[in-house]
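Using our numbering, the first residue of the sequence shown is number 23, and each one after it goes up by one.
A quick write-up on the structure given underneath.
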Amino acid sequence: MTVADDSPRRFDFDGKTYFFCSDHCLKKFSADPAAYVAPAKAKIQGPGQSAPPGAIYTCPMHPEIRQAGPGVCPKCGMALEPEMPSMDEGENTELVDFRRRFWWTLPLTLATFALGMTHTGPSWWQLVLATPVVLWAGWPFFERCVASIRTWNPNMWTLIGLGVAAAYLYSVVATLVPEAFPPGFAHDGRVAVYFEAAAVIVSLTLMGQLLELRARSQTSAALRALLGLAPRTARRIRADGSEEDIELTHVHVGDRLRVRPGEKVPVDGVVVEGRSSIDESMITGEPVPVEKGPGDRTIGATINTSGSLVMRAEKVGSETVLARIVQMVAQAQRSRAPMQRMADAVSYWFVLGVITVAILAFLAWGLLGPEPRWLYALVSAVSVLIIACPCALGLATPMSIMVAMGRGATSGVLFRDAEAIEALRGVDTLVVDKTGTLTIGKPSFRAVVALGDRPLVEGQTSAGSESQSDVRPSTSGLSPDEVLRIAASLDQGSEHPLADAIVAEARRRGLALSKATDFESSTGQGVSGKVDGKAVVLGNTMFMMEKMVDAFALLDQAEAFRRADGATVMFLAVDGRLAGLVAVSDRVKESSADAVRRLNADGIRVIMATGDGLATAQAVAQQVGITEIHGEVRPADKLRLVEKLQAQGRRVAMAGDGINDAPALAKADVGIAMGTGTDVAIASAKVTLVKGDLRGIVRARELSRETVANMKQNLVFALVYNALGVPVAAGILYPFTGLLLSPMIAAVAMSFSSVSVVTNALRLRNA
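This is the structure in structure tokens:
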């Protein structure tokens, strides 16, 4: 037996993994694993259930309950579901089991009901017919009832089990030893029995569970649809140039794959040959195909529409974008909304209250009611227990969350947990980064300037020269090409998009790059190190000030680049002296201006916070319509800005895509990461926009509003239903109408309430 590192209650034993939710179970398991596992496995799995090896199952209402293989939740008795759905998984095992029990015993239930309603034949006829229904078809209900009492987790099965057991046991005793009952239990000369009530309640509960399980299976339809997007095979190019079709699971990182017109891109990678348009709508929600050529990244499961491509696999299996989306959605669907905590607390005390009401109703009718008062007492008590099932209350929020998460995934919006979807609707302030958020995040080289020399922009040559590299030395002693070469040599150690643009331009010019040593990065500010034995610093104005470098000589030229097209400017210093600057521009996304306009119309205050200079920030802000700007801010400054806004009572969302945004993303009430950004940013955020389009925030807020409204509708429906149903079942209308609610009618109403809540949640699929 080995203990896994990630959880003190997760154990590997006999080739399988087991999860424990209490120290008691943990100690019992540790004492004798074999003795503990054998009966637990038989009890948990139940008839006809089998789990795929290694599959972890969890409860929709209590996601903290996790175990290897299917079973039932020890808290609410609900059937566990796999954490990660599979395209190969069969029909829900509990659905199959309950359907078999329902149809095999339905004829017996109908016969018992007919005898009971017509008072035909002796009571033992009903005993013979009802016993298989109650003891076999209803056995799972009694198991869950006993478990809820033993673990002191009262739930719907507590009420159903007690109600059915009371009606059945009373009827058995009345049939076998009728003389044991006082005269008050006699009606029409014999002791009345309620075998038909017990049998019908079991059959109706089974039918309600069948309807609920079918409806619940639809909540994971979005995940299965995403899983179905992935192709089954890929066409690999061998080392000798020949090609073969292989299973997708056999694709490895570095494999060269051919994607023909009309085929799906097998995995995430980079185009190495060919040009084509790829339809990425299934992942991003954008219907317009995206042009792809050498160097462009591809997303697995997207569709190649026209030309033939050769790509290199970079991410396979669980590392692909599609797999990560499915994992995030599955995890989010199992999370708990803050509203759910209230429902859990209410459900617990509600069950205890219902049992109390049932006892009081039994005593009140038996002691004070009209004859046959003890029969009325039994009917009212059983009706109260059955109709007050808290299942609808428990399902109210989890079903809404599960459907909403799936709907968001198909729209390119991924929520990390239920709290995020509930919090997003209350956001009134949005802090946005610039690079990769408002801009496309793929900067291109703009210009290089050596100290004392005039600007030299891509495509421009100095007077009398035939190429960019053929320029006169600057007063610093370095040519523009040498400034670019040193900057690119240092930037080879950086993963920032700006660095990529500088390195790419240096290589395009054929400059020989040197290896940098002692490389250090100051997130959002710049980098430093040694190139050819010289101390080199590359960064913005604030970074130069920190390094005690005087950048005044090039400030005017830097400002000109910033104001012209919002270029980002980085100064280069060698051995403590300013040597030049490099300007890189990043085009604004076409959707940014429309996104800002729609956010403002939705009542959101939009603020830009960027590490770039104020002039660069202003140029971009003017294009997209943002009026509040913070330039040259460090990661700590972004964090302080979020904290300051929160101190003012604002509900703050932060949108960014880089490592420098991670602290602010984590601190914000809702962190929103661009799906095109870094893994660190995505890990720090609560919402991910797959496309990296800020308009997704508008869609996410609308989905948030509709989801919370749906949860409230479900909660109100469940509470009002029970508030009205329990008094009626207890007999409050009897003095006015002379009628008592039959336990069978109570069972119908109980099933209807749960199915109604699930059906209402499924409306979110069309949000």
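Even glycine gets a Cβ: it sits at the ideal position worked out from N, Cα and C.
Note down the Cα distance separating residue i from residue j, rounded to an integer number of angstroms.
i    : j    : result
A431 : V376 : 40 Å
V312 : P283 : 14 Å
L603 : T590 : 10 Å
A526 : R88  : 49 Å
G428 : T140 : 50 Å
V401 : P394 : 11 Å
T710 : K689 : 16 Å
Q490 : L500 : Low confidence applies to Q490: its pLDDT is 35, below 50, so where it sits in the model is not reliable enough to give any reading.
A345 : G339 : 7 Å
N736 : S422 : 9 Å
R507 : L533 : 6 Å
A220 : A669 : 59 Å
T563 : I629 : 22 Å
C167 : F372 : 16 Å
G329 : F467 : 29 Å
T729 : L786 : 7 Å
L687 : E542 : 24 Å
M592 : R585 : 15 Å
K734 : V289 : 41 Å
Y192 : A751 : 19 Å
I648 : V618 : 7 Å
A252 : D318 : 20 Å
I651 : L741 : 48 Å
V118 : L181 : 24 Å
E201 : P144 : 15 Å
L560 : E665 : 30 Å
G678 : L382 : 59 Å
Note down, in chain order, each residue of its chain lying with its Cβ closer than 8 Å to the Cβ of residue i, except the 5 sequence neighbours on either side.
i    : result
E266 : R257, R258 and R260
F124 : A159, S225, L228, M229 and L232
F384 : A399, L400, S402 and A403
P519 : T457, G458, G463, K464, P465 and D608
Near residue i, what residues of its chain come up, given a Cβ to Cβ distance below 6 Å and the 5 sequence neighbours on each side ignored?
i    : result
G588 : T638, A641 and V642
Q71  : With a pLDDT of 33 at Q71, under the threshold of 50, the predicted position of this residue should be treated as unreliable, though the coordinate-derived value follows. Cβ within range, chain order: P92 and T115.
D513 : A521, I524 and V525
For residue i, report the span of its alpha helix (DSSP H) as first-last.
i    : result
F541 : Where F541 is concerned, there is no enclosing alpha helix (DSSP H), although the beta strand (DSSP E) it sits in stretches over A538 to S544.
R721 : R717 to A752
G138 : T115 to T140
L577 : L577 to D587
R529 : P519 to R530
Need the endpoints of the beta strand (DSSP E) that residue i sits in, please.
i    : result
L600 : R599 to S607
Q644 : Run containing Q644: none in the beta strand (DSSP E); it sits in the alpha helix (DSSP H), L636 to V646.
T632 : That residue, T632, is in no beta strand (DSSP E); it is neither H nor E in DSSP.
Y79  : I78 to T80
D301 : S298 to D301
Label residue i either buried or exposed according to how many other C-beta atoms from any shown protein chain fall within 10 Å of its C-beta, with 16 as the threshold for buried.
i    : result
L11  : Lying outside 23 to 789, the shown extent of the chain, residue 11 is not represented and no answer is given.
S607 : buried
N788 : exposed
R723 : buried
R530 : exposed
P316 : exposed
V631 : The question names Val, but residue 631 is Ala in the sequence shown. By the neighbour-count rule (16 or more Cβ atoms within 10 Å), A631 is buried.
P685 : buried
T378 : exposed
Q547 : buried
S775 : buried
R172 : exposed
I223 : buried
E441 : buried
T790 : The requested residue 790 is not part of the displayed model; the chain covers only 23 to 789.
Q644 : exposed
Could you tell me how far apart the beta carbons of residue i and residue j are, in whole angstroms, since I believe they sit closer than 8 Å?
i    : j    : result
H274 : A187 : Not a contact, Cβ separation roughly 59 Å.
I614 : L716 : In the sequence as displayed, the identity of residue 614 is Ser instead of Ile. Confirmed, Cβ separation roughly 6 Å.
G276 : V332 : In fact, because the Cβ distance is near 13 Å, the residues do not count as touching under 8 Å.
V646 : A445 : Not quite, the Cβ-Cβ distance comes to about 25 Å (not below 8 Å), so this is no contact.
Please work out which residues of its chain come closer than 7 Å, Cβ to Cβ, to residue i, disregarding the five sequence neighbours upstream and downstream, and give them in chain order.
i    : result
E302 : E308, V312, I321 and T324
R721 : S433 and V435
G138 : Q148, F217 and E218
A783 : M421, S422, V425, N732 and N736
K13  : For residue 13 there is no data in the structure shown, the boundaries of the chain being 23 and 789.
Using a Cβ-Cβ cut-off of 7 Å, state whether residue i counts as contacting chain D.
i    : result
R260 : Any reference to chain D falls outside this structure, which holds one protein chain only.
Hey, would you say the C-beta of residue i is under 6 Å away from at least one heavy atom of the ligand FMN?
i    : result
V343 : Within the structure as shown, the ligand FMN is missing, as the structure has no ligands at all.
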